[in-house]
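With UniProt numbering applied, the sequence shown closes on residue 1051, and no number is skipped along the way. Ideal placement from N, C-alpha and C gives every residue a C-beta, glycine not left out. First the structure, in the form of structure tokens, and then the observations on it.
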Amino acid sequence: MDNVLYTICADNKIRIWAPMERHGLSVLQLWNEIDMAASIQPRNPLPSNEAMRRYGFIIDSRDFAKAMERAVQCGDSKDKNHPALEHLLEVAAKVPEICVVLDGRGHMCAWGLENVGCKVRSPANIFNIAHVEGLHLSLPSGVLPREDYARFYSFAGGVFDDSFTILAHYFDGRIEWLDSKIHTLFDPTPRKKRLISRAIWSGHGGAVKKIVRTPVGKMLISRTDDNKAMIWRQRSSSTGSVLVQQSSLLSDLHIHRTFLLDDGKFLVNLHHNGISLWDVRSFHGTLLDQCDFQLSSKPLCVLFVPTTDIEPSTVYIAAIGVDMAGIAWEIDLPGNHSHVNGVNGNRKYLRQFCMFNLGVKEDVSYIIPVDPAGSRVKTSGFLDLFATDIALSYTHSGTVRTWTAKVDKQNQKIEWLLTSTVETGIVNPSLASATSMRKAALIDQNRTHLSIWDTNGAQLEFEEHFPQHDIIQDLDWTCTPDAQFILAVGFPRKVVLLSQLRYDYLDAGPSWAQIREIRMQDLTPHPIGDSCWLGNGNLVVGAAGSMARYLCFTLSSSLSMFQHMTWKEMHSSSTDYSFEAEPHVVDETVAASLNEYLSRIVLAQLSSTEQFRLVNIVECVATVEKHRRSMDDNAARYLLFFRQHMIRRSQKLPEVSNISWREIVWAFHSDSHEILADLVSRQYNGRMLWENARESGLFMWITDINTLRTQLEVIARNEYGKTDERNPIDCSLYYLALKKKNILQGLWRMANWHREQAATYRLLSNNFKEPRWQSAALKNAYALLGRRRFEYAAAFFLLADHLRDAVNVCINQLKDIQLAITIARAYEGDDGPVLKEILEEHILVAAATDGNRWMASWAFWMLNRRDMAVRALISPVETLLPPTPGSPGSSTGVSLHARSYLSNDPALVVLYEQLREKTLQTLKGASKVAARDEWEFVIRNARLYDRMGCDLLALSLVRNWEFLRPPLVETLPSRLSIGLLENVPNPNKLLKRRSSLVVADMHLSPGLQEEIRKAATDVADKQARAAHGTQPPPTTFEEPDTSSLLDSFGF
């Protein structure tokens, strides 16, 4: 083989250069030439320069021979007998170089170059191999002259063994991978598809800075720091959808923000003091119009304001500054087939529409357009809370607001509406992103803490702290066809995908989970610039000058909804069919049968862990049913979850150490404390220690103080006998809390083995009502604190009659708030000042900080503030506390957990409905809850049920909920409606049924009771006279008594 040089020249000729002298092989001479223009003569030539456009490339003889050999080996009998293959075998026998000539209309001509050079004795020859049609390439059109060219490289091999691969390098910046078979490529018979496009490589010359998509997600734009932008569109191919370049532009001004209009046909660029409109339907974008503007502050974003027009030829965009003042433009878009003449024409496309101000006094940190997350922005024409959000703003203090807008063409203005406000408490957030479906993600100032919020209910759904080296730099939303959100969290070297989970209040599990991690560092050493979702769920990630597209696949989907079917429906269509064998309850026999089946049969769509937990739930239900007749509903609720807690602990499954406050409150409001205490004690084999009592919350839900002291004495005996040594120190705190020093002294008398026995026994023999011995006990208590014997120190504080110091040790050193409450209740009862101090300064503050409504309701009930106990189930706890140095008075004083969805347990609805009519105080508290707040409470919990996957419970809640009746105007005469009664309705009139039984727990003086009795009699007489049509006798005004009976009214 001689050295051969092929030159493809601008005059549409391919020249072949080879050594012609055998003794001068280093000198190349013109061997021959091929006229590409004459090689292809279309039947219908174009009268333009495109008719003369030709491309050429050479197929090495070795690649051609290898491709033919593999085609014969891999082809079936039908292909081997194909005329085109037989013809190409004859060509391959001559071992020629193949010269291929192409045009831009699908024509191809192939020439064989035989015996090129001077080494071969045979005569040189150029012969035609084939003329074919239908060879369509992605050749550039409408480009600059320097970009109107392509180079090709071919070789044997590729996707399959018999593949023939062609790489096409288009000078507009693309490289395409084309795949075919050698006999398919050169077959002269008509074929629809000779080449298959496997991939297209294209990208920027600089690093990708930002990627923005259209609302539908079929088009996107990527831009670099040098203000060059490329517009991409999705195109379907045999291997799926691919991204192809549609247009590009280079702006002379700095591009601050970008927005695509009319499904990617037009583009708006926001500059520092101006705005420009581009037509990007052609390969090179055309500047249509530009307009300068002046705002009172720096412009932050450009927004698309939707209208009710189905296919609008006029669209509206708005730019908003830091002070929430903005300007709107009306854009008259050219038609799909109209030609534009750029900024030099007479037509104006941009027109200032109006100026506006959103009315927020505080300067915002940023305002951004919401991510449509795969859906087109729609508007109903109404400006209300049901309208689609179009923007999100956040301040330096962490206040997140979402906005919607409506175009009023008649009055030449844009109306704005604040749809939601969320006080996140995150100071100086660095990044945020929101969807039109009321989800928002927020990043803190260190860019390592992610929080996801439901702006519709102003509640936190998820938070995660990433390592310090993982800096979050991008957030992108998408939505699956079944309305499930996926969040892409971008880092410099990776992208983490988070997906929604169902709410889990039983385990307090996360509502979002990581489903995939995309590691770009495995593909490129360059950092990620930006990422963006496409409408079909594919993720585009830009790094340096390239963009990678990750295909979507199903990781999870909606679960099927199974409806139960009774035996009657299975076996008969008769209405009077009966089948007595069907069990009505899940007792121990049914539970054993179910668990036996569950141990053998794998249920569809349940993981092994979920099925294992189902077995536990069946067992717990059977346990509750066994004792169901001897306990009320609240006790059954407590026992169910307590039993489940103990089973999970015995199986060493992940579980919290103590029962939750939700279960404590259920037991607290039960009237079956005696049987509950017995069942809890039996669970610990009758040897309950303090750690077991704390785990079960026993001393939090026992209401009778004598029962509490009895149970605490049982704990003291068990603590004393838990070891073989029988150490009196273990039970000292409990006996002294019960004020039974004599029993403790007797135990020390028997502890001869203990080295402290003599000194302790002598000390306990003294009278600690005397100041001298109280002082001695205090000295011992402080000494024990110094030696970090905290529980024993608390016991000596009790010996010195310093209850407050003892409970402070339990709270601050032992970190055991239940122990502190138990000691205070046993020592001074439920009305003591120390217990009140613990509840007000610790329990309520902790409940407000953590958003624990259950704990707050319990504490208010213990404080005999039952009206507040009811309000705490609906209102934010921090709003019910008086402003004190220890209370969380500001939004930053409340933890993120207080704003979590976990603080809005749907079971609160059940407790609220149960308590609001229980006593007069709770009726009073319910009457102070605004109807709007109660409505939002019900709707919020319905949404929670829906997110938990309990759609039928949500429907039942909104269908069957009954609001309290509004108070009647004639409830009491006017002389009893002065002052307090003007704002507080009569609680008895709030009852839904006449037969409702209410505990009268409000203090009324005897005089006021008589006044109310007379008032009720007057109202009854008036109603009776109205029923018989008689007029009441004339009355005179009676001055209210100056002793002011109202002062003693117990509201």
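Starting from Pro19, follow its DSSP beta bridges and name the residues at the other end. Here residue 19 corresponds to residue number 19 of the sequence shown, with the count starting at 1. Beta-bridge pairing links Pro19 to Leu28.
Helix, strand or coil for Gly326 per DSSP? The sequence position of residue 326 within the sequence shown is 326, counting from 1. Note: Gly326 maps to strand in three-state DSSP.
Does the distance from the CB of Ser436 to the CB of Pro372 come in under 7 Å? Within the sequence shown, numbered from 1, the residue matching residue 436 stands at position 436. Within the sequence shown, numbered from 1, the residue matching residue 372 stands at position 372. Yes.
Exposed or buried, which one is Glu756 when buried takes at least 16 other CB atoms within 10 Å? In the sequence shown, residue 756 corresponds to position 756, counting from 1. When all chains shown are included, Glu756 counts as exposed.
Collapsed DSSP secondary structure at Tyr6 in the structure displayed: The residue labelled residue 6 in the question sits at position 6 within the sequence shown. Residue state, collapsed to three classes: strand.
Range covered by the alpha helix (DSSP H) that runs through Gln611: Translated into positions along the sequence shown, residue 611 becomes position 611. First-last of the alpha helix (DSSP H) with Gln611: 608-626.
In chain order, each beta strand (DSSP E) run of at least 3 residues that lies wholly inside the UniProt domain "RAVE complex protein Rav1 C-terminal" (398-543): 399-408, 413-423, 431-434, 439-443, 449-454, 459-465, 474-479, 485-490, 494-500, 512-519, 528-533, 539-543
Helix, strand or coil for Cys810, going by three-state DSSP, please let me know. Taking the first residue of the sequence shown as 1, we reach residue 810 at position 810. Helix at Cys810.
Do you know whose CA, among Gly925, His87, Gly56, lies nearest Val72's CA? Taking the sequence shown and counting its residues from 1, one reaches residue 72 at position 72. When each option's Cα is compared against that of Val72, the closest is His87.
Start and end residues, alpha helix (DSSP H) containing Ala856: Residue mapping note: residue 856 aligns to position 856 of the sequence shown, counting from 1. Where Ala856 is concerned, the enclosing alpha helix (DSSP H) stretches over 853-862.
Tell me which residues share the same chain as Gly326 and place their Cβ nearer than 6 Å to its Cβ, disregarding the 5 neighbours each side in the sequence. Along the sequence shown, one-based indexing puts residue 326 at 326. Answer for Gly326: Ala318, Ala319, Ile320, Phe356, listed in chain order.
If you run the structure through DSSP and keep just helix, strand and coil, what is Asn357? To locate residue 357, count along the sequence shown from 1; it is residue 357. Note: Asn357 maps to strand in three-state DSSP.
4 or more residues per run - each alpha helix (DSSP H) lying fully within the region 767-843: 771-786, 790-799, 803-808, 817-828, 833-838
Should Pro883 be labelled buried (16 or more other beta-carbon atoms within 10 Å of its own) or exposed? Indexing the sequence shown from 1 puts residue 883 at position 883. Counting Cβ neighbours within 10 Å, Pro883 comes out exposed, since fewer than 16 surround it.
Using the three-state DSSP reduction, which class does Val318 fall into: helix, strand or coil? To locate residue 318, count along the sequence shown from 1; it is residue 318. Reading off the sequence, residue 318 comes out as Ala, not Val. The answer is strand: DSSP assigns Ala318 an E or B state.
Grab me the residues of Arg15's own chain with a C-beta within less than 7 Å of its C-beta, minus the 5 sequence neighbours each way, in chain order. Residue mapping note: residue 15 aligns to position 15 of the sequence shown, counting from 1. Thr7, Cys9, Leu30, Glu33, listed in sequence order.
Please state the DSSP three-state secondary structure of Lys924. Your numbering for residue 924 matches position 924 in the sequence shown. Residue state, collapsed to three classes: helix.
Met230 - partner residues in DSSP beta bridges: Walking along the sequence shown from the start, residue 230 turns up at place 230. Met230 pairs with Ser222, Ser248.
For the alpha helix (DSSP H) holding Leu944, just list the boundary residues, first then last. Locating residue 944 in the sequence shown gives position 944, where the first residue counts as 1. It spans 931-947 - the alpha helix (DSSP H) in which Leu944 sits, taken as one unbroken run.
With DSSP run on the structure shown, which of helix, strand or coil describes His284? Against the sequence shown, residue 284 aligns to sequence position 284. Strand.
Leaving out the 5 sequence neighbours to the left and right, which residues in its chain are closer than 6 Å to Ser393 when beta-carbon positions are compared? Against the sequence shown, residue 393 aligns to sequence position 393. Excluding sequence neighbours, Ser393 sits near Val364, Ile367, Arg401.
Grab me the residues of Ile874's own chain with a C-beta within less than 7 Å of its C-beta, minus the 5 sequence neighbours each way, in chain order. Here the question's residue 874 lines up with position 874 in the sequence shown. Tyr912, Val929, Asp933, Glu934, Phe937.
Please classify Gly381: does DSSP put it in a helix, a strand, or coil? Residue numbering aside, residue 381 sits at position 381 when the sequence shown is read from its first letter. Of the three classes helix, strand and coil, the one that applies to Gly381 here is coil, per DSSP.
Tyr550 to Leu167, Cα distance in whole Å? Indexing the sequence shown from 1 puts residue 550 at position 550. Indexing the sequence shown from 1 puts residue 167 at position 167. Going from the Cα of Tyr550 to the Cα of Leu167 covers about 23 Å.
Since residue 1053 sits in a beta bridge, which residues does DSSP pair it with? This structure leaves residue 1053 out entirely; the chain is present only between 1 and 1051.
Arg717 and Leu738 - do their beta-carbons sit closer together than 7 Å? Start at 1 with the first residue of the sequence shown, and residue 738 comes out as number 738. Start at 1 with the first residue of the sequence shown, and residue 717 comes out as number 717. Not a contact, by the Cβ cut-off of 7 Å.
Suppose you measure from the CA of residue 1066 to the CA of Asp323; what does that come to, to the nearest Å? Examination of residue 1066 is not possible in this model, given that the chain is present from 1 through 1051 alone.
Taking the alpha helix (DSSP H) that Val72 falls in, what are its first and last residues? Position 72 of the sequence shown, counted from the first residue, corresponds to residue 72. 61-74 is the span of the alpha helix (DSSP H), which, as asked, contains Val72.
What first and last residue would you give for the beta strand (DSSP E) that runs through Gly746? Here the question's residue 746 lines up with position 746 in the sequence shown. Careful: Gly746 lies outside any beta strand (DSSP E), inside the alpha helix (DSSP H) at 741-750.
Pick out whichever of Leu896, Arg648, Asn536, His754 has its Cα sitting closest to the Cα of Ala848. Your numbering for residue 848 matches position 848 in the sequence shown. Closest option to Ala848, Cα to Cα, is Leu896.
What does Asp179 pair with, by DSSP beta-bridge criteria? Working through the sequence shown from its first residue, we reach residue 179 at position 179. For Asp179, which the question treats as bridged, DSSP gives the partners Thr165, Ile196.
Note the first and the last residue of the continuous alpha helix (DSSP H) segment covering Thr760. To locate residue 760, count along the sequence shown from 1; it is residue 760. Run containing Thr760: 757-764, per the alpha helix (DSSP H) assignment.
Please state whether DSSP places Cys99 in a helix, a strand or coil. As a first step, residue 99 is located in the sequence shown; it is residue number 99 there, counting from the start. In this structure, Cys99 counts as strand in the three-state DSSP scheme.
Quick check on DSSP: helix, strand or coil for Val656? The residue labelled residue 656 in the question sits at position 656 within the sequence shown. If DSSP states are grouped into helix, strand and coil, Val656 belongs with coil.
Status (buried if at least 16 other CB within 10 Å, exposed otherwise) for Gly535: Against the sequence shown, residue 535 aligns to sequence position 535. With 16 or more Cβ atoms within 10 Å of its Cβ, Gly535 is classed as buried.
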